[in-house]
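**Q** When you line the sequence shown up against mature numbering (1 follows the signal peptide of the UniProt record, and there is no 0), it's residues -29 to -1, 1 to 1011, in that order.
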Amino acid sequence: MKLTVVVVTLIWGAMFSSLQWTIIGEVSAHVFVFRNGESVASTSVAAKGDLEGRLLVGEDSRVTVTNLTSSDVGLYRVEVKLSDGSATHHSTIVVVGEPPETTDSRLTAFVNTSDDNFIRLSCGAFMFSGFPPVSVIWKDPVGQMLASTGFSEKYFTLDLDTEVARPGLYSCQLDCRHPSNCCLDDQSPLRQWANIEVQTNKVSGENKKSREEDYVPVANFSSLVRRVQELEVAMTAQDCKESGVAAMAHLVHRQAKCDQLDTLIVRLSETEKKISDMENVSRIIKQMQDELNLVNHTLKLFQLHSEDDMKTVNQSFNNLRLQSEKETMDIKEKLKNILSKQQRVEDRMSTFNERMTQVNETMSETDDRISSLTDWRLKESDYRNQLTGNLSAVTRDVTVLRTETHKDMATVRSRISDIDNALSTQVKRSDATHSAIYANLSSLTRMAKQPAYGGCPVEKGYVLYNKRCLKLYTIGQDYQTARRRCQADGAHLFHFKSREEDGPPLLMLMDTNGQQINPKLGQGLWIGADDIVTEGNFLWSDGTPLIRGSPLWSSGQPDDAGRAEDCVEIAYPNNFVLNDFQCGLKFHHPMKLTMVVVTVIWGVILSTLQWTIIAGGPAGVDTGTRVVTRCKGENLVLTEGNADVPSRVLVYRNDRLVASTFTNASRDLQRRLFVDAQSSVTLRNLSTSDLGVYRVEVTHSDGSSVISSMRLVVGEPPEITGSRLVVVSDTSDLSLIRLRCGAVTFLGFPPVSVIWRDPVGQLLASTGFSEQYFTLDLPVTLARPGRYSCHLDCRDPNDCCLDNQSPLRQWAQIDVQIDKMSSEDSVPLANFSSLVQRVKDLETAATSQDCGDSGVAAMAYLVHRQAKCDQLESFIDRLSAAENTIQNILQRPSYSGCPVDKGYVLYNKRCLKLYTIKQDYQTARRRCETDGAHLFNLKSRELDGPPLLLLLDTMGQELSSTLGQGLWIGADDTVTEGHFLWSDGTTLLRGSPLWSTGQPDDANGNEDCVEVAQPSNIVINDFTCSVKLGFVCQADIEMQ
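Written as structure tokens, this is what we have:
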């Protein structure tokens, strides 16, 4: 059986509007097609419903869905039963994408904000981000790709620090990582770059550093100066003779240097021959060493087999001896049991005789009792006759009583019938009265729930609550952006000056919109107070003070934590409280309009979807279809019920009824999709098969109804080798530095990307993805030296379906060193450019001058010699490379004397092996012992440090610079607390210079094992033995 799961994102519309499954080379007997576990078509049954005429099953086992629509999302399974009785299964998750939309069907870029320190570029304006949501990438004047730094008010933004920004043409473009991702035609205007010219106006001064890319090497400049001098000599000659003499003079001057070329060629040839000989010798030695290792391995196996055979013989003999001893003991035990049983039989015979005597005595007593019983029988006959007479008298009395009771019961039944008729009449009257009261009450309830709009700017979405105009926003923003948004509506942030007066309207607004104020400080709502103007002096936006001793503050607030909390939020742990917090964080916030309160809330996406069903609304109100993305395993609330309004609920998926108030869900939704008595609809434990278009129809007792629709997409987190990002560099190209971030084994859904941060904090976009790694290409002339970091580009906390504490959310870092030219080795680019132009002018003039044969011949010879001399530098570089190759061959590790069959290699007379799979200390030690080795003994930084670093470098690894993330080595104090011993039994002194500063400290009383790290130099540290780290094993084998 084959199972193939593929996530397919297709374009909703005419382009790429079909999907095919084809089974090649298989003779099928029958084809079945399922969607979300439900059979929708087969070879003999055509598709019905929304798939009719679009889902086709061909005779060649080809299954096609044409003219895709949003209702086609789901998990499709094609099952093919073959003629030989076997079957194959092919599964595909289909997600239908939608293109983004902008105001004028093209991108527009402009400078949003600009001052001496900061430039903000905006690109948009987006009415809809598409699905999956797209982003925007930027290109600076030198072609480097930059990542957007945010999204605000329909525009993606790029923030540029004027200190590092390059002046020139900046461009923005949709970040469509695959041509079909944005669901746009190749000729669509939305695929074009939008350009904006940026002037940085950098401040000049003594402390202003010139850009390194504006300089060129002195060597190039000097070479060009010599060329100018040669041309000027030729041009200033009085005649052709002088020109030839000048050329010959220059030729003689350069002859000394050119003569070195032949010597270097000979030396290079000898060096390359020596390298070839050394490679051949090294190869022969390696072959001989491999054969010797194979012989040693064979001898070792023979020895092991011989020892195993001897152990088997000894074990068999011991087993036979133990078996004989056991059989002898069994025989003795059986004889003992027989004698014991014989003794018990004799004891039982004696007991039996005694009991027979007792039985005879009992029989004699029984005869005496029988005689007494005869006398009692005579007396019993007299008593029986007397009792018979008494029973006859009682029977006569009961007959009389029964007759009288029947007469009384008939009278009671007649009276009960009259009472029942009267009660029925009264119940009918009560029901009619109750129905009238209920109808009036429903009408009054709807009227009471409708908010008054008098005096409020309803065109801007404001509603009156307790003489206050309130409005709710649900997009998170920082404090300053929230305040400006309020001012754009002619309002200001909410003034919460009294719990009694301002609390009820705020709660009413939140309840009306199906929201709750977060009880946690630091996750509440922005309100209109801050101490930005004067530290410690909090003012409301109307200028009135907010006293630090006000009872509105939470306990211990305001505290100005980190000296960065200048704005005020409101939370609700058990009552309304205020707290000062960092202004730059994105929060909910309220607004205020003139003398009435206007509350606007900016927040994060809720963990469950809530659709408000308005009782008594117009019949058939449709709230529209929205795209909702949730993570696999989460719960989703489709509707919040209303216990006060009786309702009937119908739930559809892809236009098929899957559950209702009276019918439970079945198939893949069984025990997961629930419609409760209060008309609330919940889908639990989301899976990839749940994606589709859901429609909930709620019909109320008064005949009104509300229809709510959503398109559900279930996301999955990315998967990365080692559960954390790793960044490595590739410097094989001298003109380019390539950084690689990964290794990503699954991109998740929707697929994630990676953004980069350079040493000055600027965000860069990845330039590609190859072999599980996102890449960033940095031209050496443009790259900045320092620390680069990569991070998953999760635009929203729920985008990547990862926990906030997941290691995958951490930045991976790498230090990049660039050999930049110093000011002494470079000259300004402007000077170099002017000199290049001078050379061009002189060459043009030289070609137009008519010289005799002597001058021409001399110049030709000079040029010929110059061409040969120009090879000098090339031969010098080749010679240097050849000498380095020889040095590397001499420094190659020898495998002599190491168990190479187990992966050990000789480094500076030490056989070492690196394990990158992390284990706790005891497991690591046992793993080394399994190899006949032990954990590495780092007794000397000078002697043991170099082979350790050489091992790590050979394996492409680095020693961690952070204590607690290093490698296990062979020392611990598990036997005697405080007395550290190496694995060979020697002592590791507590005062050894190998210890890191302040170590060993036995933190928390449980650090008994030793790791090695390299914060600045190789140091050791005591650490918890149960923590899993990499480790190095050392095999104590002498050199051969």
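We put the beta carbon where it would ideally sit given N, CA and C, even for glycine.
In this text, all values refer to a predicted model and were calculated from it rather than measured experimentally.
Report yes or no: do three or more beta-carbon pairs, one from the segment 679 to 686 and one from the segment 640 to 647, lie closer than 8 Å?
**A** With the cut-off at 8 Å, the segment 679 to 686 and the segment 640 to 647 do not touch.
**Q** Does the segment 691 to 700 come into contact with the segment 78 to 97, if we say contact requires no fewer than three beta-carbon pairs (one atom in each stretch) closer than 8 Å?
**A** Segments in contact, no.
**Q** What's the C-alpha gap between residue 366 and residue 379?
**A** Residue 366 and residue 379: Cα-Cα distance of roughly 21 Å.
**Q** How long is the line joining the alpha carbons of residue 531 and residue 888, rounded to whole angstroms?
**A** Each residue's alpha carbon lies about 45 Å from the other.
**Q** Can you list, in chain order, the residues of its chain whose CB lies under 6 Å from that of residue 922, leaving out five sequence neighbours each side?
**A** So the qualifying residues of the chain are 878, 883 and 885.
**Q** Would residue 733 be called buried (16 or more neighbouring beta carbons within 10 Å of its own) or exposed?
**A** Residue 733 comes out buried.
**Q** Quick one: is residue 452 buried, meaning 16 or more other Cβ sit within 10 Å of its Cβ, or exposed?
**A** Buried.
**Q** Secondary structure at residue 486, three-state DSSP: helix, strand or coil?
**A** In the structure shown, residue 486 sits in coil (DSSP, three-state: anything other than H, G, I, E or B).
**Q** Helix, strand or coil: which one does DSSP assign to residue 377?
**A** Here residue 377 sits in helix by DSSP.
**Q** Can you grab the Cα-Cα spacing for the pair residue 10 / residue 17, in whole Å?
**A** One C-alpha to the other measures close to 11 Å.
**Q** With DSSP run on the structure shown, which of helix, strand or coil describes residue 491?
**A** Coil.
**Q** Given a threshold of 16 other Cβ atoms within 10 Å of its Cβ, counted over all protein chains shown, does residue 90 qualify as buried or as exposed?
**A** That one is buried.
**Q** Using a Cβ-Cβ cutoff of less than 6 Å, which residues in the same chain neighbour residue 502 once the five nearest sequence positions on both sides are dropped?
**A** Within the same chain, residue 502 has close Cβ partners 508, 509 and 537.
**Q** Any heavy atom of the ligand MN within a distance shorter than 6 Å of the CB on residue 701?
**A** As for the ligand MN, it is missing from this structure, which has no ligand bound.
**Q** Would you call residue 302 buried or exposed, if buried means 16 or more other Cβ atoms sit within 10 Å of its Cβ?
**A** Counting Cβ neighbours within 10 Å, residue 302 comes out exposed, since fewer than 16 surround it.
**Q** Considering residue 734, what are the terminal residues of the beta strand (DSSP E) in which it resides?
**A** First-last of the beta strand (DSSP E) with residue 734: 734 to 736.
**Q** Taking the beta carbon of residue 622 as the centre, do at least 16 other beta carbons fall within 10 Å, making it buried, or is it exposed?
**A** Result: buried.
**Q** Taking residue 750 as part of the alpha helix (DSSP H), name the residues at either end of that continuous run.
**A** Premise fails: residue 750 lies in the beta strand (DSSP E), 744 to 750, not in any alpha helix (DSSP H).
**Q** Could you say which of 638, 36, 142 and 613 lies nearest to residue 652 if we only look at CA atoms?
**A** With distances taken between Cα atoms, residue 652 lies closest to 613.
**Q** Between which two residues does the alpha helix (DSSP H) carrying residue 451 extend?
**A** Note, residue 451: alpha helix (DSSP H), 450 to 459.
**Q** Looking at residue 112: is its Cβ nearer than 7 Å to the Cβ of residue 129?
**A** No.
**Q** Taking the C-alpha atoms as reference points, what is the distance between residue 328 and residue 318?
**A** One C-alpha to the other measures close to 16 Å.
**Q** Please determine if the segment 16 to 34 and the segment 62 to 72 are in contact, where contact requires at least 3 C-beta pairs separated by less than 8 Å.
**A** Contact fails: fewer than three Cβ-Cβ distances are below 8 Å.
**Q** Under 8 Å: do the segment 898 to 909 and the segment 994 to 1008 share three or more Cβ pairs, one atom per stretch?
**A** Flag = yes, the segment 898 to 909 and the segment 994 to 1008 touch.
**Q** Measure the Cβ-Cβ separation of residue 446 and residue 498 and say whether it is below 7 Å.
**A** No. Outside cutoff.
**Q** Given this structure, state the Cα-to-Cα distance separating residue 414 from residue 669, to the nearest angstrom.
**A** At residue 414 the pLDDT is 46, less than 50, meaning the model places this residue with poor confidence; the figure from the coordinates comes in the next sentence. In a straight line, the C-alpha of residue 414 is about 19 Å away from that of residue 669.
**Q** Helix or strand or just coil, what does DSSP make of residue 319?
**A** Helix, per DSSP.
**Q** Determine the contact status of residue 689 and residue 723, defining contact as a CB-CB distance below 7 Å.
**A** Result yes, Cβ atoms of residue 689 and residue 723 sit closer than 7 Å.
**Q** By the 10 Å Cβ neighbour count, where 16 or more other Cβ atoms means buried, how is residue 467 classified, buried or exposed?
**A** Residue 467 comes out buried.
**Q** Measuring alpha carbon to alpha carbon, tell me which of 976, 960, 992 and 981 ends up nearest residue 969.
**A** It is 992.
**Q** How should residue 721 be labelled, buried or exposed, when 16 other C-beta atoms within 10 angstroms of its C-beta is the threshold for buried?
**A** With 16 or more Cβ atoms within 10 Å of its Cβ, residue 721 is classed as buried.
**Q** By a C-beta neighbour count over all protein chains shown, 10 Å radius and 16 as the cutoff for buried, is residue 347 buried or exposed?
**A** So residue 347 counts as exposed.
**Q** From which residue to which residue does the alpha helix (DSSP H) around residue 922 run?
**A** 912 to 925 is the extent of the alpha helix (DSSP H) around residue 922.
**Q** Quick test of your reading: residue 959 and residue 912, contact by CB under 8 Å. State the CB separation rounded to the nearest angstrom.
**A** Wrong, their Cβ atoms sit about 13 Å apart, outside the cutoff.
**Q** Does the distance from the CB of residue 431 to the CB of residue 473 come in under 7 Å?
**A** Not in contact: residue 431 and residue 473 (Cβ atoms no closer than 7 Å).
**Q** Given this structure, state the Cα-to-Cα distance separating residue 998 from residue 273, to the nearest angstrom.
**A** Whole-angstrom Cα-Cα distance: 39 Å.
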